[in-house]
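S.K.:
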Amino acid sequence: MTAAIRSLGRAGMFSLSVLRASKPTTDFFTELVREIYKIGGRSLPIIAVGGAFVGLSLTLLGYRALETYGASNQVSVLIGLGLYRELAPVLTALLFVGRAGSSIAAELGLMRATDQITALGLMAIDPVAKAVAPRFWAAVICVPLLTAFFCSLALSASWFQAVQILGIDNGMFWQTMQDAVDFRGDFLIAFVKSAVFGGTAALVASYVGFHAEPTIEGTSIATTRAVVNASLLVLMFNFVMSAFLFR
Amino acid sequence: MTSARGPRLEFAVGAFLLLALASLLVLAVASTNGQFGFSRGGTYELTARFTNLGQLRPNAPVKIGGVTIGRVTRVDLDPVRFDSVVTLAVEKRFDEIPVDTSAAILTGGLLGESYIGLSVGGDLEVLQPGEEIAFTSPAVDLMQMVGKYMFGGGGEGADAASPAAPEAGTASPDASPSDEGVLP
């Protein structure tokens, strides 16, 4: 019990040290650009393909369910609200955890195993500022943008499925969605959510990697724990934020 | 290494950010209701009392002739008269609503959402901010209406039909003697 509280406290102190170590130096921005490319730009394909297939299957599901009530041309209400409120932020964050969180944990774990973190400290370079803070901010910036990609691909795929294949009217599709999706209540909150999820995923992954056992096995354990813990935290935070932010 | 990969990397990151922001913008315009919230506060309040709200909720639209001119901001119950008091926020540019305007709680379609429809009157006097709309009609309970029709108003038709049933069951094709009995 005390051990659990202590590890929670260590994670909280680590998060604070990341925030304190984020200073806008030239080196920070160089690292930030590289990390945005590595964890944001390189995650694009998986996000795009994932979004497209989620859009397709969600349209089929909504069509099937609404057909019962003769309201199948309202399927875009379900797609718009479902995507912005829950699916896009959560699924993007989960894909991001699998794609980028694991690599953050593995990188930092290997840095720990090969004593690079200690070496940075010996050279009076703050290892948190050099290795963790750019990754954290890159995730906070990238995950909302990746969510935007997810949404646009999902909406395009769902438009294709609904209008071109299932035969829902094009104007009806967009108009019912625009009537249902509120800009501030649904759309903006989706991106607030995904920024929180990105920060959470990066913090968990870098915390686990940073404090990994300095062995090969320790690195693999850290990678696993990063994915498991970050995914669970994302799902829990999603419920909490949904409960408080949506009316 | 940084100098060799720098420009290409920066270009890639820039392209990624630009593309992402562009898709955000397109999504915001194409798939939301466009309530960007820049010109908020251009509304004034009216109240209305109803005996029954039905499914009316805060944020329901207020319409004149099908065009949305405002929103329901608050729904409350008068603790003395037990009327439901609805507060409406109407856009400032519609500030010449006559005092004899009546408000009704309507439903869009059979299963649609409730909204407040205003029928504009002809009085020269205009409703001031904070004033109450005097003429209101409550929400129509569809299930009650269906029930009344089935068990109340429909009774006469049912009585007329019931004597015919045994007749049809016992007799051969020339059952109704009034007009077809002469044929065979």
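These protein sequence lines are chains Y and U, in that order. In this text, residue positions in the first sequence follow the numbering used here: the first is 53, and each later residue adds one. In this text, residue positions in the second sequence follow the numbering used here: the first is -15, and each later residue adds one. Glycine included, each C-beta is placed from N, C-alpha and C at the ideal position.
1) With 8 Å as the limit, tell me which residues of the region 79 to 105 of chain Y have their beta carbon closer than that to any beta carbon of chain A; keep them in chain order.
2) For residue 122/U, which three-state DSSP category applies?
3) Applying the 10 Å Cβ sphere with the 16-neighbour rule, what's the burial state of residue 258/Y?
4) In the DSSP output, which residue or residues are listed as bridge partners for residue 31/U?
5) Count the other CB atoms, across all protein chains shown, that sit within 10 Å of the CB of residue 120/Y; report buried if there are 16 or more and exposed otherwise.
6) Using 8 Å as the Cβ pair cut-off and three pairs as the minimum, do the region 221 to 233 of chain Y and the region 124 to 135 of chain Y touch?
7) Please identify, using Cβ separations under 8 Å, the residues of the region 208 to 229 of chain Y that lie next to chain U, in order along the chain.
8) Less than 9 Å separating the beta-carbons of residue 46/U and residue 74/U?
9) Residues of the region 155 to 175 of chain Y in Cβ contact with chain U at a cutoff of 8 Å, in chain order, please.
10) Suppose you measure from the CA of residue 81/U to the CA of residue 58/U; what does that come to, to the nearest Å?
11) Give the residues of chain U in contact with residue 197/Y, contact being defined as C-beta atoms less than 9 Å apart.
12) Against chain Y, does residue 20/U count as a neighbour if the rule is that its beta carbon must be under 9 Å from one of theirs?
13) Could you give the C-beta distance for residue 106/Y and residue 143/Y, rounded to a whole number, given that I count them as a contact under 8 Å?
14) Just curious, the alpha helix (DSSP H) that residue 161/Y is in, first and last residue?
15) Could you list which residues in chain U have their beta carbon closer than 9 Å to that of residue 124/Y, in chain order?
16) With distances taken from CA atoms, which of 177/Y, 56/Y and 68/Y is nearest residue 255/Y?
17) Mind the definition here: the region 153 to 170 of chain Y touches the region 183 to 190 of chain Y only if three or more C-beta pairs lie below 8 Å; say whether that holds.
18) Can you give the Cα-Cα distance for residue 113/Y and residue 289/Y, rounded to whole angstroms?
19) Any beta-carbon of chain Y closer than 9 Å to the one on residue 75/U?
20) Which residue marks the beginning of the alpha helix (DSSP H) containing residue 45/U, and which one marks its end?
21) Going by C-alpha distance, which of -4/U, 121/U, 2/U and 56/U is nearest residue 41/U?
22) Give the straight-line distance between the Cα atoms of residue 224/Y and residue 287/Y, rounded to the nearest whole angstrom.
23) For my contact list, residue 292/Y and residue 278/Y are in at a C-beta cut-off of 8 Å; report their separation, rounded to the angstrom.
24) For residue 233/Y, would you say it is in contact with chain U, using Cβ-to-Cβ distances shorter than 9 Å as the test?
25) Any C-beta of chain U sitting closer than 9 Å to the C-beta of residue 132/Y?
26) From this set, 136/Y, 191/Y and 60/Y, which residue's C-alpha is nearest residue 89/Y's C-alpha?
27) In or out: residue 34/U buried (at least 16 other Cβ within 10 Å) or exposed?
28) Grab me the residues of residue 281/Y's own chain with a C-beta within less than 8 Å of its C-beta, minus the 5 sequence neighbours each way, in chain order.
29) Within 9 Å of any Cβ in chain Y, is that where the Cβ of residue 11/U sits?
30) Quick one: what does DSSP say residue 60/U is sitting in, helix, strand or coil?
31) Can you have a look at residue 127/Y and say buried or exposed, based on whether 16 or more other CB atoms are within 10 angstroms of its CB?
32) Verify whether the separation of the beta carbon atoms of residue 91/U and residue 38/U is less than 9 Å.
33) May I ask which residues mark the beginning and end of the alpha helix (DSSP H) holding residue 255/Y?
34) For chain Y, check one thing: does any of its Cβ atoms lie closer than 9 Å to the Cβ of residue 16/U?
35) Take residue 100/Y and list the residues in its own chain whose beta-carbon comes closer than 7 Å to its own, dropping the five residues that flank it on each side.
36) Which term fits residue 87/U, buried or exposed, when burial requires 16 or more other beta carbons within 10 angstroms of its beta carbon?
M.R.: In short:
1) Going by chain labels, chain A is absent from the structure shown, which instead holds the protein chains Y and U.
2) On the second sequence, residue 122/U is found 138 positions in, with the first residue counted as 1. Residue 122/U: coil per DSSP, three-state reduction.
3) Counting from 1 along the first sequence, the entry for residue 258/Y is found at position 206. Residue 258/Y should be labelled buried.
4) Taking the first residue of the second sequence as 1, we reach residue 31/U at position 47. Paired residue(s): 71/U and 116/U.
5) One-based indexing of the first sequence puts residue 120/Y at position 68. So residue 120/Y counts as exposed.
6) yes
7) 226 and 229
8) By 1-based counting over the second sequence, the position of residue 46/U is 62. By 1-based counting over the second sequence, the position of residue 74/U is 90. A contact, by the Cβ cut-off of 9 Å.
9) none
10) By 1-based counting over the second sequence, the position of residue 81/U is 97. By 1-based counting over the second sequence, the position of residue 58/U is 74. Each residue's Cα considered, the two are about 20 Å apart.
11) Position 145 of the first sequence, counting from 1, holds the residue named residue 197/Y. In chain order: 0, 1, 3, 4, 5, 7 and 8.
12) One-based indexing of the second sequence puts residue 20/U at position 36. For residue 20/U, the answer is yes, since a Cβ of chain Y falls inside 9 Å of its Cβ.
13) Taking the first sequence and counting its residues from 1, one reaches residue 106/Y at position 54. Taking the first sequence and counting its residues from 1, one reaches residue 143/Y at position 91. Yes, residue 106/Y and residue 143/Y are in contact; Cβ-Cβ is about 6 Å, under 8 Å.
14) Taking the first sequence and counting its residues from 1, one reaches residue 161/Y at position 109. Unbroken alpha helix (DSSP H) run through residue 161/Y: 154 to 165.
15) Counting from 1 along the first sequence, the entry for residue 124/Y is found at position 72. What residue 124/Y touches in chain U: nothing, since even the nearest Cβ is about 13 Å away.
16) Here residue 255/Y refers to the residue found at position 203 when the first sequence is read from its first residue. Cα-wise, what sits closest to residue 255/Y is 68/Y.
17) yes
18) On the first sequence, position 61 is the one that residue 113/Y refers to. On the first sequence, position 237 is the one that residue 289/Y refers to. Each residue's alpha carbon lies about 26 Å from the other.
19) For the purposes of this step, residue 75/U is taken as the residue at position 91 of the second sequence. Chain Y contact via Cβ: absent.
20) Against the second sequence, residue 45/U aligns to sequence position 61. Here residue 45/U belongs to no alpha helix (DSSP H); instead the beta strand (DSSP E) covers 45 to 48.
21) The residue given as residue 41/U occupies position 57 in the second sequence. Residue 41/U has its Cα closest to that of 56/U, out of -4/U, 121/U, 2/U and 56/U.
22) As a working note, residue 224/Y is residue 172 in the first sequence. As a working note, residue 287/Y is residue 235 in the first sequence. Roughly 33 Å separates the two Cα atoms.
23) As a first step, residue 292/Y must be located in the first sequence, where it is residue number 240. As a first step, residue 278/Y must be located in the first sequence, where it is residue number 226. Not quite, the Cβ-Cβ distance comes to about 21 Å (not below 8 Å), so this is no contact.
24) The sequence position of residue 233/Y within the first sequence is 181, counting from 1. Chain U, which has a Cβ nearer than 9 Å to the Cβ of residue 233/Y, makes this yes.
25) One-based indexing of the first sequence puts residue 132/Y at position 80. By this cut-off, residue 132/Y is an interface position.
26) Counting from one through the first sequence, the residue named residue 89/Y turns up at place 37. For residue 89/Y, the nearest C-alpha among the options comes from 191/Y.
27) Mapped onto the second sequence, residue 34/U falls at position 50. It is buried - the Cβ of residue 34/U has at least 16 other Cβ atoms within 10 Å.
28) As a position in the first sequence, residue 281/Y is number 229, starting the count at 1. These residues qualify, in order along the chain: 256 and 260.
29) Locating residue 11/U in the second sequence gives position 27, counting from the first residue. By this cut-off, residue 11/U is an interface position.
30) Here residue 60/U corresponds to residue number 76 of the second sequence, with the count starting at 1. Strand.
31) Residue 127/Y sits at position 75 when you count from the first residue of the first sequence. The residue in question, residue 127/Y, is buried, as its Cβ has 16 or more Cβ neighbours within 10 Å.
32) By one-based count along the second sequence, residue 91/U stands at place 107. By one-based count along the second sequence, residue 38/U stands at place 54. Contact: yes.
33) Residue 255/Y sits at position 203 when you count from the first residue of the first sequence. Residues 241 to 262.
34) Here residue 16/U corresponds to residue number 32 of the second sequence, with the count starting at 1. Residue 16/U counts as touching chain Y.
35) The residue you call residue 100/Y lines up with position 48 of the first sequence. Here the set comprises 201 and 205.
36) By one-based count along the second sequence, residue 87/U stands at place 103. So residue 87/U ends up on the buried side.
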